[in-house]
Structure formats: structure tokens, C-alpha cells
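What follows is a single structure, written as C-alpha cells, with notes after it.
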Amino acid sequence: PMPKLPDDLLDLAARVSNRGRWGDDDRRGTLNLIDPAAVLRGAAAVRDGKAFSLSLPYDADGPQTGAIPGRDNPKLEMTAINVEYTGDADGFTTNDDRFSMGVQACTHWDALSHVGYGGELYNGVPREQVTEAGAGDLGIQAYGAVASRGVLLDVARLHGVDHFDDNHPITGDELDACAAAAGLTVEPGDIVLVRTGHLHFLRIGEKDRYRMVCPGLSTKSIEWFRDHDVAAVATDTFVLECFPGEDPAALLPIHMIHLRDIGLAQGQIWNLDELAADSEADGRWECLLTATPIPLTGASGGLVAPTALK
50 PMPKLPDDLL
60 DLAARVSNRG
70 RWGDDDRRGT
80 LNLIDPAAVL
90 RGAAAVRDGK
100 AFSLSLPYDA
110 DGPQTGAIPG
120 RDNPKLEMTA
130 INVEYTGDAD
140 GFTTNDDRFS
150 MGVQACTHWD
160 ALSHVGYGGE
170 LYNGVPREQV
180 TEAGAGDLGI
190 QAYGAVASRG
200 VLLDVARLHG
210 VDHFDDNHPI
220 TGDELDACAA
230 AAGLTVEPGD
240 IVLVRTGHLH
250 FLRIGEKDRY
260 RMVCPGLSTK
270 SIEWFRDHDV
280 AAVATDTFVL
290 ECFPGEDPAA
300 LLPIHMIHLR
310 DIGLAQGQIW
320 NLDELAADSE
330 ADGRWECLLT
340 ATPIPLTGAS
350 GGLVAPTALK
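In C-alpha cells form, the structure reads like this:
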């Protein structure tokens, strides 16, 4: 059986549930909240023509250590190297390649099929829908185009630190404080980017440290995301939620409630540092964020190279 949430978190899950909100057949969850007004808010944040990639490099030296089966760093394989199609070395030559990796191994979105409990996934989809062929219509392709106003909430900056050395739990009150410091109001359909500075550990080569002790979202932030009707949330950490978690009886409760109950798209291992440095410099903590996942039908996660425009 799937791990059960403690009773207090089950009550919370029921309060924040979006089951049926967009109809019984909905497979997009809170991404439905991105309406033209949200996209236009994002477009209005583009003033200087600056672009920032929020992805880490996809390469063999990625964040994975082999601890999670199948979640392998990208491996590139050349399938054609300087092939001379005409037989003439001075004529048309071509290179081709392919790659393999875990879909959650580097910068990614979790699909709503990624985590469930009680025998169900988002919107009452039975867990039996996920087979060797994938998750069917609850795969990452259901997200479609993802573009909205991005709001960067820099929790490390709020606390005056470069990064956290522990599993600091981030509450809704802290997110409010970050938004206030940024002079922003989080509105329905916004995509919230939560920066902790945790990429510090990847940059100094401590991959196990990056993975095993993570600052991140607290269960005391769950209602904040639901109350603000946030369309999606992404962080610079491996886990998204604080890890180890606050309650030893609950295994990754934010994954469980975000994905199964709220239907909240969530992303991990995003690189927010360059965007944060620019926002610190110009005082503007909003952007137009484009982050459409590769629509790999049936996949429980999505590779993505998000772009922030300011």
C-alpha cells in the first residue's frame, strides 16, 4: 500500500483539493489558472530585453549520484560523426546523436502522475492507469504550453544568507515576506520561483549534500499556494520540499498533496541564481517565464529549459 498521510495532513489535503474544479476529465490542474491576464502580466514585465536560462547543463556530470534507480544523468551517444553522404569530404557532411536520461534527473517539471496515494493520482485517476507504457493522459504532455508571469521569491536573500546549511522549512509567511520585499503581489496564474541558494552544494561538487539535506517548502506553505491560486512552483533544490521532512511519519507530503490533491505543477533543480542576481541589481523580481516541458507522451516528468525574460 502507498504511504498514508497523518490525519492532520489528510484534513489539509481535503481542504486544498481541486478535485473536479475544472471537470472530471481535467489533467492539467492549476495550469488551468494561466489565463490571458496572467500571460499579459508576464509580458508587461519585459522591459529591458534580457533573457535568462533557468536550466542546468544536461550532461554526464549532472546532479544524480546513482542513488535513485533509473534517475541517470544524461548520456550522449553519437549516431553519425562527419558522415560524408556524397562520398566527398568537401561535400555535405552530417552529425547526429541521441541521449538517454531519467526525466527527473536534471532541470524538470513533475507531471501530475508522478506521485499519488490512497490508490489515486490527480483528479481521481486510479493509479492502475500507470503501466509500463506510461501514465496515459496524465503524462507530462497534458501540461501543454506553459508561459505566465514568473515571480521570484528569494528566501535566502530574505534571511541574509548565501545558502542554508540545514533543511530549513519555508512557510507561507516567509513567502509573503519575500513578496513584500520584492514589492509584488502574487496573483492567480502566476508561477512562483522559490530560491534557496542550494545550488551552492552542486557547484562545490557535493552532490550527496545537495540531494540529502534540502531547505524547501514546509507543509505550512501548502495552503498559501492554494489560497493564491498559484499555477506552478519551481525551486533550485533537488527535492522541492524540506528534506528530511518535518514529520517523520509523512514521506514527502508536499509531493503528495501538491500533485494528487491540488494538481499543482512543481519543478526541481532549476538554476535561479543568475536571475536572482539581476533582480537584486534592478529591483525587479518578476519576469515573463516560458517553461513548456518536452511533451513526452505518458511521462511522469518533463525535461525543460525554462527562459525568464525581463
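Numbering of the sequence shown is given in the working numbering, commencing with residue 50 and proceeding in unit increments.
Glycine residues also receive a C-beta, built at the ideal position from the N, C-alpha and C atoms.
Range of the contiguous beta strand (DSSP E) that encloses phenylalanine 250: For the purposes of this step, residue 250 is taken as residue 201 along the sequence shown, with counting starting at 1. Bounds of any beta strand (DSSP E) do not take in phenylalanine 250; it lies within the alpha helix (DSSP H) bounded by 248 to 252.
Pairwise C-alpha distance: threonine 339 and alanine 94: Counting from 1 along the sequence shown, the entry for residue 94 is found at position 45. Counting from 1 along the sequence shown, the entry for residue 339 is found at position 290. Their backbone Cα atoms lie some 13 angstroms apart in a straight line.
Own chain residues within Cβ distance below 6 angstroms of arginine 258, not counting five before or after: The residue given as residue 258 occupies position 209 in the sequence shown. Excluding sequence neighbours, arginine 258 sits near Phe250.
Leucine 313 and valine 282 closer than 8 angstroms at C-beta: Within the sequence shown, numbered from 1, the residue matching residue 313 stands at position 264. Within the sequence shown, numbered from 1, the residue matching residue 282 stands at position 233. It is a contact, given that the beta carbons lie within the stated cut-off.
C-alpha gap between histidine 217 and cysteine 291, whole angstroms: In the sequence shown, residue 217 corresponds to position 168, counting from 1. In the sequence shown, residue 291 corresponds to position 242, counting from 1. Those two C-alpha atoms are separated by around 6 angstroms.
C-beta contact flag for glycine 165 and arginine 147 at 8 angstroms: The residue you call residue 165 lines up with position 116 of the sequence shown. The residue you call residue 147 lines up with position 98 of the sequence shown. In this structure, glycine 165 lies away from arginine 147, with their beta-carbon atoms at least 8 angstroms apart.
For valine 150, the three-state DSSP class (helix, strand or coil): By 1-based counting over the sequence shown, the position of residue 150 is 101. One point to set straight first is that residue 150 is methionine, not valine, in the sequence displayed. Methionine 150 falls in the coil class under three-state DSSP.
Whole-Å CB distance - valine 279 paired with threonine 79, under 8 angstroms assumed: For the purposes of this step, residue 279 is identified with residue 230 of the sequence shown, where counting begins at 1. For the purposes of this step, residue 79 is identified with residue 30 of the sequence shown, where counting begins at 1. Confirmed, Cβ separation roughly 7 angstroms.
Nearest-angstrom Cα separation, counted from valine 179 out to glutamine 28: The question about residue 28 has no answer here: the residues shown for the chain are numbered 50 through 359.
Residue range of the unbroken beta strand (DSSP E) whose run includes valine 132: Position 83 of the sequence shown, counted from the first residue, corresponds to residue 132. Element bounds for valine 132: 124 to 133.
Whether valine 235 touches histidine 208 by CB criterion (8 angstroms): Residue numbering aside, residue 235 sits at position 186 when the sequence shown is read from its first letter. Residue numbering aside, residue 208 sits at position 159 when the sequence shown is read from its first letter. It is not a contact, given that the beta carbons lie outside the stated cut-off.
Chain-order list of residues whose beta-carbon lies under 8 angstroms from that of isoleucine 343 (same chain, five-residue window excluded): To locate residue 343, count along the sequence shown from 1; it is residue 294. Cβ within range, chain order: Ile189, Gly351, Leu352, Val353.
DSSP state of leucine 224 mapped onto helix, strand, coil: Taking the sequence shown and counting its residues from 1, the one referred to as residue 224 is at position 175. DSSP places leucine 224 in helix when its eight states are reduced to three.
Inter-residue CB distance, methionine 213 and proline 264 (contact presumed, cutoff 8 angstroms): The residue labelled residue 213 in the question sits at position 164 within the sequence shown. The residue labelled residue 264 in the question sits at position 215 within the sequence shown. Just to set this straight, residue 213 is phenylalanine in the shown sequence, not methionine. Contact holds; Cβ gap of about 4 angstroms.
Tyrosine 166 - partner residues in DSSP beta bridges: For the purposes of this step, residue 166 is taken as the residue at position 117 of the sequence shown. Looking at the DSSP assignment, tyrosine 166 forms a beta bridge with Glu169.
Exposed unless 16 or more other CB atoms sit within 10 angstroms - verdict on methionine 127: The count along the sequence shown starts at 1 and reaches residue 127 at position 78. It counts as exposed.
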